[in-house]
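One structure below.
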Amino acid sequence: MAGRLAIIACGGALPVRIAESHPDALIYTLKGIPSSLTERAEEHQLEKIGTLFAAMKEAGVARLVFAGHLTRPAINPADCDAEMLRLAPRVMQALPKGDDALLREVIAIFEEQGFDVMGAHELVADLAAETDLSAGPAPSDAELDDARRAIEVLAHLSPLDIGQGCVVAGGQCLGIETAQGTDAMLRFVGETLDTLRRGERGVYVKAAKRDQDLRVDMPAIGPETVAKVAEAGLAGLVVEAGRVMILDRKSTMEAVEKAGIFLVSRSM
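Right under this line is the structure:
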């Protein structure tokens, strides 16, 4: 679909990367949700979603991308416009079903307004990890076994809409990424007693949930992820090819080499 692109910019480096690749894109931020593009953006209040829809249509927006860390802001019902009040029951029904279910509902709402919702990986070349990407030392057979075990754990959790990351060492699952996020899980893993690792350092696997809509909340890693993996004492990380983004790829690869850990991508 041709037409003007809009970026709904939340936190992190991803909105900046998209804006650099698409300098003509319009940028919108949401009140109460931090963004690095605030100075260049038109801010809207989530409670006034009807105003946001109208502004984008008036500006000729046909395509949009949600980018960055979207924290769930507190919504004041007293501030809601008629459109938000109409949509609220749908959103509330999706909330208890998990992040993926909620984001699918958000996508459907914007599509019903006539916008083509796109994924960041569709707009920025070389953003997703390609098959057989590798950096750092080659993983051992035992480490590959741990990666396979982590992939198995994530596959079983996918129907429950839980987690995009898992750590396994010596066949033992040491951590699963939940609502607290990657950093919290890796910090917890770093505090795990060596005896539980069964003589292995362990591997972190990052993958999308099965049937996950990758247009919103596509899993991502960056230099900070690499640093946290190293701090947790892990041997390396494995990411799902084509379904995990590598933010700031040059710095990420440099961080892998500097830390002496491995990074590989695999189809899962």
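Using this note's numbering, the first residue of the sequence shown is number -18, and each one after it goes up by one.
Virtual Cβ for every residue (Gly too), placed ideally from N, Cα, C.
In its own chain, which residues sit with a C-beta less than 6 Å from the C-beta of leucine 218, not counting the 5 before and 5 after it? Here residue 218 refers to the residue found at position 237 of the sequence shown. The residues are Tyr185, Val210, Leu244.
Taking the CB atoms as reference points, tell me whether glycine 117 and isoleucine 242 lie closer together than 8 Å. By one-based count along the sequence shown, residue 117 stands at place 136. By one-based count along the sequence shown, residue 242 stands at place 261. The answer is yes: Cβ separation under 8 Å.
Where the alpha helix (DSSP H) containing glutamate 39 begins and where it ends: Taking the first residue of the sequence shown as position 1, residue 39 is located at position 58. Its alpha helix (DSSP H) spans residues 30 to 39.
Just the C-alpha distance for alanine 259 and threonine 173, rounded to the nearest angstrom, thanks. Within the shown structure, residues of the chain are numbered from -18 to 249, placing residue 259 beyond reach of any answer.
Three-way DSSP call (helix, strand, coil) for lysine 12 in this model: By 1-based counting over the sequence shown, the position of residue 12 is 31. Coil, per DSSP.
For a test of the three-state rule: what should DSSP assign to valine 46, helix, strand or coil? The residue labelled residue 46 in the question sits at position 65 within the sequence shown. Reduced to three states, the DSSP call for valine 46 is strand.
Taking only the alpha-carbon atoms, compute the straight-line gap between valine -3 and alanine 109 and give it to the nearest angstrom. Here residue -3 is taken as the residue at index 16 of the sequence shown, counted from 1. Here residue 109 is taken as the residue at index 128 of the sequence shown, counted from 1. Going from the Cα of valine -3 to the Cα of alanine 109 covers about 16 Å.
Which residues in the same chain have their Cβ closer than 8 Å to the Cβ of alanine 240, if we skip the five residues on either side of it in sequence? Walking along the sequence shown from the start, residue 240 turns up at place 259. Only Gly117, Val207, Ala208, Val210, Ala211 meet the Cβ criterion.
Does the stretch 139 to 148 come within contact of the stretch 157 to 172, defined as at least 3 CB pairs closer than 8 Å? yes
Residues of its chain near phenylalanine 91, where Cβ-Cβ distance is below 7 Å and the 5 sequence neighbours each way are ignored: Residue mapping note: residue 91 aligns to position 110 of the sequence shown, counting from 1. Counting only Cβ-Cβ distances below 7 Å, and skipping sequence neighbours, we find Leu45, Val98.
List the endpoints of the continuous beta strand (DSSP E) containing aspartate 78. Reading the sequence shown from its first residue, position 97 is the one you call residue 78. As written in the sequence, residue 78 is lysine, which differs from the aspartate given in the question. Element bounds for lysine 78: n/a, residue is neither H nor E.
Could you check how far apart the C-beta atoms of leucine 195 and glycine 100 are, in whole angstroms? I think they sit under 8 Å. Counting from one through the sequence shown, the residue named residue 195 turns up at place 214. Counting from one through the sequence shown, the residue named residue 100 turns up at place 119. With a Cβ gap of about 5 Å, leucine 195 and glycine 100 count as contacting.
Count the other CB atoms, across all protein chains shown, that sit within 10 Å of the CB of methionine -18; report buried if there are 16 or more and exposed otherwise. Here the question's residue -18 lines up with position 1 in the sequence shown. Note that methionine -18 scores 46 on pLDDT, short of 50, meaning its location in the model is unreliable; the coordinates nonetheless yield the value given after this. Label assigned to methionine -18: exposed.
If you drop the 5 nearest sequence neighbours on each side, which residues of the same chain put their C-beta closer than 6 Å to that of cysteine 154? One-based indexing of the sequence shown puts residue 154 at position 173. Once the five neighbours on either side are set aside, the close Cβ partners of cysteine 154 are Val134.
Exposure label - leucine 177; buried when at least 16 CB within 10 Å: Residue numbering aside, residue 177 sits at position 196 when the sequence shown is read from its first letter. Result: exposed.
Alpha carbon to alpha carbon, how far is proline 70 from glutamine 161? Give it in angstroms, no decimals. Along the sequence shown, one-based indexing puts residue 161 at 180. Along the sequence shown, one-based indexing puts residue 70 at 89. Approximately 26 Å, taken between the alpha carbons.
What is the rounded straight-line gap between the Cα of isoleucine 132 and the Cα of serine 246? Counted from its first residue, the sequence shown places residue 132 at position 151. Counted from its first residue, the sequence shown places residue 246 at position 265. C-alpha separation (whole angstroms): 12 Å.
When DSSP builds the beta bridges, which residues end up paired with arginine 247? Along the sequence shown, one-based indexing puts residue 247 at 266. In DSSP, arginine 247 forms a bridge with Glu221.
At a Cβ threshold of 8 Å, is methionine 199 touching chain D? No chain D is present in this structure, which holds just one protein chain.
Could you say which of Pro204, Ala213, Ala188, Ala136 lies nearest to alanine 236 if we only look at CA atoms? Counting from 1 along the sequence shown, the entry for residue 236 is found at position 255. Taking only the C-alpha atoms, the option nearest alanine 236 is Pro204.
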